[in-house]
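*Asks:* One gets this note's numbering by counting positions in the sequence shown from 1 and adding 45 to each. Here's a structure for you.
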Amino acid sequence: MDLYSASRRLGAPFHPGDALPIGARGFIGDGQTGALVRIDGVIDWLCFPRFDSPSVFGAILDEGAGAMGITPVAPFTARQRYDPETNVLETLFEVPRHGVVQLTDSMPWTGDPRLAIAEVHRRIQCVEGEVELKLFFNPRFDYGRDEPTFEKSAHGVLAKGTSGERFAAVASGAQWTRGAQGMESTVRMRAGEIRWMIASWNAERAEHVDAYRPYEHLRQTRVKWREWVAGLDYEGPWRHHVVRSALVLKLLQYAPTGAMVAAPTTSLPEWRGGVRNWDYRYAWIRDSAMAIRSATLLGAVPEARDFFHFVRDALTRRSELQIMYDLDGNDVPTEQELTHLAGFAGSKPVRIGNGARDQIQHDVPGELLEAAYVYEHSGGSLTLRGWRALRAVVESVSQRWHEPDHGIWEPRDGVRHNVHSKLMSWCALRRGADVAELFGDDGAPWRAIADQVHADVCERGVVDGRFVAAYDHTHVDSALLLLGLRHFVSPTDPRFIATRRRIVDELGDGPYLHRYRTSDGVGGAEGAFVLCGFWLAEVLAMAGELDEAQRVFMAHAEASNHVGLLAEEIDPSSGELLGNFPQAFSHLGLINAAARIHIALRSGDPKTRSATALM
């Protein structure tokens, strides 16, 4: 596999973020937060203690916003991979004429959020020769606005913020001194030698390395991740890609409440130098429901259960379904700009919070009820309390489906009658009726309204024999592919085929698809949307065009970075990953497309019939 090279000398002050693309990173986590680890051994994004907390390492957005690194002093090349079927990341440094060092990064994980310890463990092993390494620990609290004071002790250093933050770092054999990159040390390692660097949040003091039990935690973390993967149900031809995507989705679920973040980052640009930079560290009900649906199809039923408990509890606080929540099920913070940060590759503004929280998006209940239906038919069981909350959501859809909304892509130029939103209102009513009957309720009234929605779309959402993005408009957008995926019409329906072809003609760029080409009130360029490409692969498979479906699928699966991670978008001309990273949308799209194509390839196999019904 082609891997990034880090050939510059890193002994001098390093300027993070401007030399490496977004995709030059792996991702580790503990079910409460996650860190991005660059291929040169620098962690340049981490929020503690949870995904939506202020960053402590934010150098991916500005070199002054903090980082932690372990890098060879001499020029080197680097390779990165995951320990198979785990979220334990391995980076191999090859230092010509000196030796080879392997760095193993993890956040201790047991699968039980009550046992989370909020630490980053970095194992350093010299495999060959003799190598000098530079270690640095340079946290900056509150998105880089708070430079800590450092207290040295016999075992390490403790960073203390002005608001009471405490973050300790220890490393075997390190002699810490203050330098350009915070607290620094160099260590020389010989073949066979192993050292550890531990970063511990909310610590009272820096302890001896052995006090953190690093060997025990690494062993347990590997075992627990492999046990979790063993419970997945997919044996198709793209198992490596599917398992990696499932592992990403698991990392993105905030274990204490069951919420799932759209991505662990904020403001990574959808185009270098552009303004489409958003905070995705919250739980969009649509994105989460899609991801849970995909995970459930793989057998991850407990994750679905936790998500539905999160939705139930959020609806208990406020009966009306919101499009997004924070990780506790409360309101997402008001959007604001962090003007002191330069942004990734100069892409400003850097934003926290999300202004789309107040939009009207009528497609959201449909994805939620689709996920509930799949959950109920895949070994899960909604509680009566949970169903009562969902029933109120469906009833709201029955009364509001005819109203305009902002739609799935969250434009900032007003509302319209989006065809995709009408489609998903139809789905909410039909799936709501299906689930209602499991609880002894009468779903017939909702089915009748669903028929009204269907007729309305076919009358007002079709122009010149093809579906359009919105009533009284003539353009298409890629969300119309869901008309086939959600069985609103057959994938071989002439209107849908005409729509699919127009989407490819107008929005296609090689094997990739853009979401739309129209103005949305935001402005600026963006890349092709990875999820839309996977949707295209799915509908091609459903239409029997399997060769083309596999071609499109593989183009997107292989667009992942060197360790199998996908961002939200991709630059079709360069293949550079764009947008927040890694992105739940993209990985759930991969899982669904792989399953759909596998089903089509084995259409005569009785074992695939039940899966086909749920897809």
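C-beta: ideal position from N, C-alpha, C; glycine also.
Rounded C-beta distance between Ala514 and Leu525? I'm assuming under 8 Å.
*Replies:* Between Leu525 and Ala514 the Cβ distance is about 7 Å, and since that is below 8 Å, they are a contact.
*Asks:* Can you name, in chain order, every residue of its own chain whose Cβ lies under 7 Å from the Cβ of Ser217, other than the five neighbours on each side?
*Replies:* The answer, listed in chain order, is Arg240, Trp241, Val254.
*Asks:* So, is Ala586 buried or exposed, given that buried needs 16 or more other C-beta atoms within 10 angstroms?
*Replies:* So Ala586 counts as buried.
*Asks:* My understanding is that Glu130 touches Trp283, with C-beta atoms under 8 Å, so please give their C-beta distance in whole angstroms.
*Replies:* Not quite, the Cβ-Cβ distance comes to about 15 Å (not below 8 Å), so this is no contact.
*Asks:* Taking just the CA atoms, how far does Pro309 sit from Thr45?
*Replies:* Past the edges of the chain, shown from 46 to 660, lies residue 45, and the structure says nothing about it.
*Asks:* Look at the alpha carbon of Gly109 and the alpha carbon of Gly189, and state the distance between them as a whole number of angstroms.
*Replies:* Answer to the nearest angstrom: the Cα atoms are 7 Å apart.
*Asks:* Could you check which residue in His354, Thr379, Ser441, Gly400 has the C-alpha nearest to that of Ala417?
*Replies:* Ala417 has its Cα closest to that of His354, out of His354, Thr379, Ser441, Gly400.
*Asks:* If you reduce the DSSP assignment to three classes, tell me which class Leu635 lands in.
*Replies:* Of the three classes helix, strand and coil, the one that applies to Leu635 here is helix, per DSSP.
*Asks:* Classify Val101 as buried or exposed, calling it buried when 16 or more other Cβ atoms lie within 10 Å of its own Cβ.
*Replies:* Buried, by the Cβ-count rule.
*Asks:* With DSSP as the reference, identify every bridge partner of Glu504, one or two as the case may be.
*Replies:* Glu504 is not bridged to any residue.
*Asks:* Smallest Cα separation from Pro153: which of Pro259, Pro193, Thr116?
*Replies:* That would be Pro259, whose Cα lies nearest to the Cα of Pro153.
*Asks:* Among Gly398, Arg396, Trp471, which has the Cα closest to the Cα of Pro410?
*Replies:* The residue with the shortest Cα to Cα distance from Pro410 is Trp471.
*Asks:* Kindly confirm or deny that the stretch 340-348 and the stretch 357-369 touch, where touching means at least three C-beta pairs closer than 8 Å.
*Replies:* No, they do not touch.
*Asks:* With a 10 Å radius around its C-beta and 16 neighbouring C-beta atoms as the bar for buried, classify Glu583 as buried or exposed.
*Replies:* With 16 or more Cβ atoms within 10 Å of its Cβ, Glu583 is classed as buried.
*Asks:* Just the C-alpha distance for Leu65 and Ala213, rounded to the nearest angstrom, thanks.
*Replies:* So the two alpha carbons sit approximately 28 Å from each other.
*Asks:* Out of Ser443, Gly624, Ala645, which has the shortest C-alpha to C-alpha gap to Arg321?
*Replies:* The option with the nearest alpha carbon to Arg321 is Gly624.
*Asks:* In chain order, what residues of the same chain lie with their CB nearer than 7 Å to the CB of Val442, ignoring the 5 residues before and after it?
*Replies:* Closer than 7 Å at Cβ, skipping near neighbours: Pro410, Ser470, Ala473, Leu474.
*Asks:* Can you name the residues that DSSP bridges to Asn625?
*Replies:* Paired residue(s): none; Asn625 is not in a bridge.
*Asks:* Using only CA atoms, which one of Val133, Leu292, Val145 lies nearest to Leu635?
*Replies:* Measuring from the Cα of Leu635, the nearest candidate turns out to be Leu292.
*Asks:* By how many angstroms is the C-alpha of Leu558 removed from the C-alpha of Gly74?
*Replies:* Spanning the two alpha carbons is a distance of roughly 30 Å.
*Asks:* Would you identify the three-state DSSP class for Val320, choosing helix, strand or coil?
*Replies:* Val320 falls in the coil class under three-state DSSP.
*Asks:* With a CB to CB cut of under 6 Å and the five nearest residues on each side skipped, what residues in its chain are close to Gly206?
*Replies:* Closer than 6 Å at Cβ, skipping near neighbours: Phe186, Asp191, Pro193.
*Asks:* Tyr299 by DSSP, collapsed to three states: which one?
*Replies:* In this structure, Tyr299 counts as strand in the three-state DSSP scheme.
*Asks:* Alpha carbon to alpha carbon, how far is Gly452 from Arg326? Give it in angstroms, no decimals.
*Replies:* Approximately 20 Å, taken between the alpha carbons.
*Asks:* Assign His285 to buried or exposed, taking buried as 16 or more other Cβ atoms, counted over all protein chains shown, within 10 Å of its Cβ.
*Replies:* Exposed.
*Asks:* For the putative contact between Val133 and Leu178, defined by C-beta atoms under 8 Å, what is the C-beta separation to the nearest angstrom?
*Replies:* Not confirmed; about 20 Å, so no contact.
*Asks:* Please report how far the alpha carbon of Thr379 lies from the alpha carbon of Asp371, in whole angstroms.
*Replies:* Looking at the two C-alpha atoms, the distance is approximately 11 Å.
*Asks:* Check Ile84 in the structure and name its three-state DSSP category.
*Replies:* Three-state DSSP puts Ile84 in coil, outside helix and strand.
*Asks:* Rank Ser208, Glu210, Trp246, Asp509 by C-alpha distance to the C-alpha of Arg547 and give the top, closest one.
*Replies:* The shortest C-alpha separation from Arg547 is found at Asp509.
*Asks:* Under 9 Å between C-beta atoms, does Ala340 make it to chain D?
*Replies:* No chain D is part of this structure, which consists of one protein chain only.
*Asks:* So, with DSSP's three-state summary, where would you put Trp90?
*Replies:* In this structure, Trp90 counts as strand in the three-state DSSP scheme.
*Asks:* Please return the same chain residues whose Cβ sits closer than 7 Å to the Cβ of Arg83, not counting the five positions on each side in sequence.
*Replies:* Closer than 7 Å at Cβ, skipping near neighbours: Leu65, Ala69, Arg70, Asp89.
*Asks:* Going by beta carbon distance, what residues of the same chain come within less than 6 Å of Thr563, once the five residues before and after it are set aside?
*Replies:* Excluding sequence neighbours, Thr563 sits near His520.
*Asks:* Under the rule that 16 or more other beta-carbon atoms within 10 Å means buried, what is Asp550, buried or exposed?
*Replies:* Per the 10 Å Cβ criterion, exposed.
*Asks:* In whole angstroms, what separates the C-alpha of Glu210 from that of Pro184?
*Replies:* Distance between the alpha carbons of Glu210 and Pro184: 11 Å.
*Asks:* Can you give me the C-alpha to C-alpha distance between Phe626 and Ser312, rounded to a whole angstrom?
*Replies:* One C-alpha to the other measures close to 10 Å.
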